[in-house]
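Working notes for the structure below.
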Amino acid sequence: MKRLLFPGAFAAALCFSGCSGEKPTTQLSGTVTFKGKPVPAGYINFMPDSTKKVYGEVRMVRIKDGAYATKEGNANGVFPGDAQIMISGFDGKPLDYYPDGKQIFNPWQTSGVVPTGKGTLDFQVPDSAANNLKIMPTADIPGSTGN
14 MKRLLFPGAF AAALCFSGCS GEKPTTQLSG TVTFKGKPVP AGYINFMPDS TKKVYGEVRM
74 VRIKDGAYAT KEGNANGVFP GDAQIMISGF DGKPLDYYPD GKQIFNPWQT SGVVPTGKGT
134 LDFQVPDSAA NNLKIMPTAD IPGSTGN
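Numbering (my numbering), first residue to last: 14 to 160.
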């Protein structure tokens, strides 16, 4: 019986030591500005850059009064490494079908490196992000055709 127990115990210990499935995340915080002012409301999407062999879940973080933190609410960090980052900004004055208010710039995409551990990343959305602004509702509008 001892012969069968040892290999089984060894296999279980090996699996539990390296099979957690949880990838480490980074806690980020920072500011988001547009035209030199804090973005009143919005979202930042952190997407691991698969073109650079970085994989993980897309994480969305809320912007409030020009600041964000990945540890607020249900957020539990972002994955470190190369990332595609998309920022959406709104004026923060709720309207029907626009809970975060009017869009103040088109979704702006950039890339960057998310540090390991804990860090700060500040973003300055360029003025050009408002060129040819396309206002998109943040909820379905009854009777709209989606055009």
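Glycine is no exception: its CB is placed at the ideal position from the N, C-alpha and C atoms.
Since the model is a prediction, treat every value here as computed from it, not as a measurement.
Worksheet item: Beta-carbon separation of residue 99 and residue 120 under 8 Å?
Response: Yes, these two residues count as a Cβ contact at 8 Å.
Item to complete: Let me know if residue 91 comes out buried or exposed under the rule of 16 or more other beta-carbons within 10 Å of its beta-carbon.
Response: Counting other Cβ atoms within 10 Å of its Cβ, residue 91 reaches 16 or more and is therefore classed as buried.
Item to complete: Determine the DSSP secondary structure at residue 95, reduced to helix, strand or coil.
Response: Assignment of residue 95 by DSSP, reduced to helix, strand and coil, places it in the strand class.
Item to complete: Taking residue 113 as the reference, give the member of 62, 75, 132 with the closest Cα.
Response: Comparing Cα positions, the closest option is 75.
Worksheet item: What whole-angstrom Cβ distance do residue 71 and residue 89 have, given they're in contact under 8 Å?
Response: About 13 Å separates the beta carbons of residue 71 and residue 89, which is beyond the 8 Å limit, so they are not a contact pair.
Worksheet item: Can you name the residues that DSSP bridges to residue 138?
Response: 47, per the DSSP bridge assignment.
Discussion item. Let me make sure I understand the geometry here. Which of 117, 49, 97 has the alpha-carbon closest to that of residue 106?
Written reply: Ranking the options by Cα distance to residue 106, first place goes to 117.
Practice prompt. Pull up the DSSP beta-bridge partners for residue 132, would you.
Written response: According to DSSP, which records beta bridges pairwise, residue 132 is partnered with 41.
Worksheet item: Span of the beta strand (DSSP E) holding residue 119?
Response: Unbroken beta strand (DSSP E) run through residue 119: 116-127.
Practice prompt. Kindly indicate which residue of 148, 126, 40, 67 has the alpha-carbon position closest to the one of residue 104.
Written response: Ranked by how close their Cα comes to the Cα of residue 104, the residues 148, 126, 40, 67 have 148 in first place.
Item to complete: Count the other C-beta atoms from every protein chain shown that fall within 10 angstroms of the C-beta of residue 101, then say buried if there are 16 or more, exposed otherwise.
Response: By the beta-carbon neighbour count (other beta carbons within 10 angstroms, threshold 16), residue 101 is buried.
Item to complete: Determine the contact status of residue 136 and residue 45, defining contact as a CB-CB distance below 8 Å.
Response: Contact annotation: residue 136 and residue 45 have beta-carbon atoms nearer than 8 Å.
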